[in-house]
Amino acid sequence: MSASNQGRIGVLLVNLGTPDSPKTPDVRRYLNEFLTDGRVVDMPAAIRYPLFRGLVVPLRAPKSAKIYQQLWTERGSPLLYHGLDLQKKVQEQLGSDYLVAFGMRYQNPSVESALLELRDAAVSRIIVLPLFPQYASASTGSVQEKVMDIVKDWWIVPSISFISSFADDPDFITCLVARGRAEMEGHDYDHFVFSYHGIPERHILKGSHNNYCKLGTCCASYNKNNRYCYRAQCYATSRLLAQGLGLRDDQYTVTFQSRLQSRLRDPWLQPYTDEVIKEYPAKGINNVLAFSPAFVADCLETTIEVGDEFKELFEEAGGKHWQLVPSLNSEPMWVEAVASMIRRN
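What follows is the structure, given as structure tokens:
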């Protein structure tokens, strides 16, 4: 049966979110939605809402707005325009049998508006691809929950499938390796850092299958027991990336960034990137190539945090050269990889 009779296959690409502008009110709206998500901050709502809306966000929004101003370009937020570019190119790659929509978990364009676009087009089914390589309840899980919360009110709900992770997807790894090799050409790096977004350790333990996760050597292999463990997936991606780059185990370090420990007062995944890199120069490590394999599009956490802030910390400690590998964004190889994942699903 042809697509014209059966209906196109709907594809929903989702990334985390971004403020509508780098102005403080828009940043405040974004942070209010993001930090009151029960999967991001797993506190009781009676505590979470007054704490973050009444205290944390009002204090944080002006500071975050200044950082977003550094990130903003003529096209706006990189996370947004890279997402829209990816949507357009994946649509071209997949052809007329598919309809590709793009949404943000927080703010605009919303997941709801993207789903309505697919519903109005009478797609035969929907494939949802959260653009987070490694599954975490606070990212992929939140997108899945949001999608199901929206479609539960539809009278007719088409078949919906989720691509929950692609941490070890061969095409994804190939893209990372290609990006890394391009940056390595003509340079002699002492060490490689694979910096992932951190999450609280309790998130790992809450999702542990039969108490398998011990936040230690259990992540040395990737198997059915830790298939959806964020930490295990980060290490799995890192091993494959290192293998593709031809690195020995002692040539790279897996680290975690962007923690909120100072406010939540509990441990996040370790080691912390900012603490690790300050020790490098004293160990004779002066030239570092940094990857952000948890992000497929350049954003505040890559461009500003890893690219600028960590570079400054490294150089203040005596390091000579710190280089960030750009994210995949909408590079042709990545577009093909995304289209391939969708076709396979």
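Note that the sequence shown covers residues 1 to 345 in full-length UniProt numbering.
Just so it is clear, CB atoms sit at the ideal spot from N, CA and C, and this is done for glycine as well.
- Judged by DSSP secondary structure, glutamine 270 falls outside any alpha helix (DSSP H); it is assigned neither H nor E.
- DSSP links arginine 125 through a beta bridge to Ile9, Ser159.
- With a beta-carbon spacing of about 6 angstroms, arginine 105 and leucine 16 fall inside the 8 angstroms limit used to define contacts.
- Per DSSP, reduced to three states, the secondary structure at tryptophan 154 is coil, with no helix or strand assignment.
- Rounded to the nearest whole angstrom, the C-alpha separation of alanine 178 and isoleucine 67 is 29 angstroms.
- Here DSSP, grouped into helix, strand and coil, assigns glutamine 144 to helix.
- For glutamine 91, the enclosing alpha helix (DSSP H) stretches over residues 78–94.
- In the DSSP assignment, alanine 236 falls within the unbroken alpha helix (DSSP H) covering 230–245.
- Within the DSSP secondary-structure output, phenylalanine 194 pairs in a beta bridge with Val254, Phe291.
- DSSP places proline 200 in the strand class (E or B) of the three-state scheme.
- Residue pairing by DSSP places phenylalanine 172 opposite no residue, since no beta bridge is assigned to it.
- Residue pairing of glutamine 107 in beta bridges, as defined by DSSP: absent, with no partner found.
- Taken atom to atom, the span from the alpha-carbon of glutamate 33 to that of glycine 284 is near 44 angstroms.
- Judged by their CB atoms, alanine 122 and alanine 114 are not nearer to each other than the 7 angstroms cut-off.
- In this chain, glutamine 134 is not harboured by any beta strand (DSSP E), its DSSP state being neither H nor E.
- One Cα belongs to lysine 278, the other to alanine 232, and the distance between them is close to 25 angstroms.
- When DSSP states are grouped into helix, strand and coil, tryptophan 72 belongs to the coil group.
- Judged by their CB atoms, serine 159 and glycine 7 are not nearer to each other than the 7 angstroms cut-off.
- The beta carbon of tyrosine 212 lies closer than 7 angstroms to those of Cys218, Asn225, Asn226 in the same chain, with the five residues before and after it left out.
- For histidine 187, the three-state secondary structure derived from DSSP is coil.
- CA-CA distance, asparagine 345 to serine 96, rounds to 17 angstroms.
- Within its own chain, the residues whose Cβ lies closer than 7 angstroms to the Cβ of valine 157, once the five positions on either side in sequence are excluded, are Val151, listed in chain order.
- DSSP places leucine 260 in the coil class of the three-state scheme, outside both helix and strand.
- Residue burial annotation: asparagine 329 is buried, with at least 16 other C-beta atoms found within 10 angstroms of its C-beta.
- Taking a C-beta distance under 7 angstroms as the contact criterion, leucine 79 and alanine 297 qualify as a contact pair.
- For the beta strand (DSSP E) assignment, the uninterrupted runs of no fewer than 3 residues enclosed by the segment 5–57 are, from N- to C-terminal side, 9–17.
- Comparing alpha carbon positions, the residue from Tyr196, Gln69, Thr273, Ile9 closest to lysine 311 is Thr273.
- Comparing C-alpha distances from tyrosine 228 to each of Pro58, Val128, Ser137, Leu99 shows the shortest one belongs to Ser137.
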